[in-house]
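Numbers in our numbering are just positions in the sequence shown, counted from 1, shifted up by 30. Built from N, CA and C at the ideal position, the CB exists for glycine as well.
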Amino acid sequence: MKSLAALLRQSGAPLPYAVTRPLEIVEIDLSAPGHGEVLVKIESAGICHSDLSVVNGSRQRPLPLVAGHESAGVVVELGAGVKSLKVGDHVTSVFLPSCGSCSECTSGTPAFCSVGAASNGRGEMIGGGSRISFDGALAYHYNGVSCYSQYAVLDERSLIKLPEDIPFDIAALFGCALLTGIGAVRNSAHAKPGHSVGVWGLGGVGLSALMGAIISKASPIFAVDPVASKRKLALELGADFALDPNENLRDYLPAGVLVAIECAGRADTLKAAYEATSRGGTTVTVGLPPASEMLSISALSLVSDVKTIRGSYLGSANPRVDIPEFVDFWRAGKLPVEKLLTSVSPMSQVNEAMDALHGAQVVRQVIHPN
Ligand code: APR
Ligand code: ZN
Ligand code: ZN
């Protein structure tokens with residue numbers, strides 16, 4: 031079938047993207063969903079920094095690809111053998127499909143699925159190959175989602191069914207920003223009541239981490255970002271302190287924070303988070319800096335201060351368990367996802383939205399492909 035989609039043919043275009051328009055709205059051909067796959071009508075798709083990283087070239091992916099990896103929509107067609115979904119189901123996408131049978135999946139860590147990571151790296155579906163073509167040639171998927179499109183073919187292992195009363199613009203954020211941010215605090219850092227937590231970078235992911243810290247009853251909670259409006263929002267959401275990166279967290283808490291979460295995607299921010307981590311504390315990094323960036327820390331401090339540095343991908347989550355729990359938190363008013371939504375635009379504005387994300391004044395923008 032035909033679908034209008036945002037296709038990236040080449041990364042690294044000069045800014046502003048509103049002028050150079052690296053994401054072209056074109057008509058793609060989608061093949062019918064294969065075994066275990068479904069066709070989803072995309073109602074809302076988030077603009078995440080990982081999409082911007084592919085557009086600006088700091089993350090290399092096979093091109094051309096249909097961008098977008100954070101979305102919500104409705105199942106409109108089933109491929110053969112689909113067990114977990116039916117037509118009409120509301121779904122949110124997860125940007126790493128979990129195969130269910132590799133050693134990572136069977137040992138209870140589906141966020142580390144090596145099969146899904148490999149198919150994402152190849153720009154293919156986890157079931158193999160691509161369902162997207164443009165101008166008669168195959169195009170690639172992005173993280174098995176490719177949701178900057180009116181319709182998308184996804185493996186059922188990339189989808190979580192959601193209750194129908196959740197607005198799509200809220201539901202879209204469950205599968206990336208919330209899973210990654212909240213998961214980093216709860217699953218990777220194991221933040222507990224009374225633990226001090228710091229979050230560096232207050233985009234969609236970082237503010238989700240902040241909400242996760244509040245749900246975990248962590249205290250005190252520090253939020254760090256150069257943008258004043260984001261620090262203000264962090265305080266409104268419940269942070270105890272909001273600091274500019276030029277400020278020293280230890281001036282406020284001399285021991286440093288037990289849990290430091292880096293959500294800016296910068297090696298220098300990871301270093302700042304590490305240096306603000308207390309003795310015996312854990313630095314968790316969620317951000318994805320360009321592959322060329324190196325981290326330099328005092329080798330001695332890791333031992334003498336008994337610190338841990340931990341990477342967290344997909345919030346070390348089990349999406350099938352964690353996302354329904356987020357729904358409960360949202361219903362209980364503990365997860366004000368609405369406050370993260372900066373704007374809603376048609377898909378034709380996707381390049382302008384990428385410029386705005388680059389400018390760092392926005393939190394989460396969503397686009398509507400239909
Ligand atoms: N210290 C703290 N925060 C900083 C700094 C700094 N030195 N420099 C920039 N920031 C802030 C920006 O102002 C912005 O608010 O980091 C934030 C990053 O937010 P977004 O660009 O909205 O990114 P987001 O979509 O939340 O993703 C965060 O997680 O999944 C990864 O690839 C993604 O690396 C990215 C990270
Ligand atoms: Zn994302
Ligand atoms: Zn697996």
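Worksheet item: Is the CB-CB distance between S238 and G211 below 8 Å?
Response: yes
Worksheet entry | Any non-hydrogen atom of ligand 2 within 7 Å of E292 CB | no
Discussion item. Let's test the definition: count the other Cβ atoms within 10 Å of the Cβ of K22 and tell me whether it reaches 16, buried, or not, exposed.
Written reply: The structure shown does not extend to residue 22, since the chain is modelled only from 31 to 400, so the question has no answer here.
Worksheet item: So, helix, strand or coil for A290, using DSSP?
Response: Looking at A290 - three-state DSSP - the assignment turns out to be strand.
Worksheet item: DSSP on F198, reduced to helix/strand/coil?
Response: helix
Discussion item. Run the Cβ filter for me: residues under 6 Å from any heavy atom of ligand 1, listed in the order they occur in the chain.
Written reply: C78, H79, S80, S83, T210, W230, G231, L232, G233, G234, V235, G236, V254, D255, P256, V257, K260, P275, C293, A294, G295, R296, T299, V316, G317, L318, L387, A390
Worksheet entry | Beta-bridge partners of E154, as assigned by DSSP | E154 pairs with nothing; no bridge assigned.
Worksheet item: Cβ of H99 versus every heavy atom of ligand 2: is any distance shorter than 7 Å?
Response: yes
Worksheet item: Taking 7 Å as the cut-off, is the CB of C129 close to at least one heavy atom of ligand 2?
Response: no
Discussion item. With three or more beta-carbon pairs closer than 8 Å as the criterion, would you say the segment 71 to 86 touches the segment 179 to 190?
Written reply: The segment 71 to 86 vs the segment 179 to 190: in contact.
Worksheet entry | Three-pair Cβ contact test at 8 Å for the segment 73 to 91 versus the segment 54 to 64 | no
Worksheet item: Taking one C-beta from the segment 280 to 287 and one from the segment 297 to 308 each time, how about it: are there three or more such pairs within less than 8 Å?
Response: yes
Worksheet item: Is the closest heavy atom of ligand 3 to the C-beta of K157 under 7 Å?
Response: A small fix is needed here, since residue 157 is Gly in this sequence, not Lys. No - ligand 3 has no heavy atom lying nearer than 7 Å to the Cβ of G157.
Discussion item. Based on DSSP bridge pairs, tell me the residues matched to V56.
Written reply: A35
Item to complete: Assign S259 to one of three DSSP states: helix, strand, or coil.
Response: helix
Fill in: Span separating the alpha-carbon of L184 from that of V175
In this structure, the alpha-carbon of L184 lies about 6 Å from that of V175.
Practice prompt. Consult DSSP for R394 and reduce its assignment to one of helix, strand or coil.
Written response: When DSSP states are grouped into helix, strand and coil, R394 belongs to the strand group.
Worksheet item: Is the beta carbon of V392 less than 8 Å from the beta carbon of S378?
Response: The answer is no: Cβ separation not under 8 Å.
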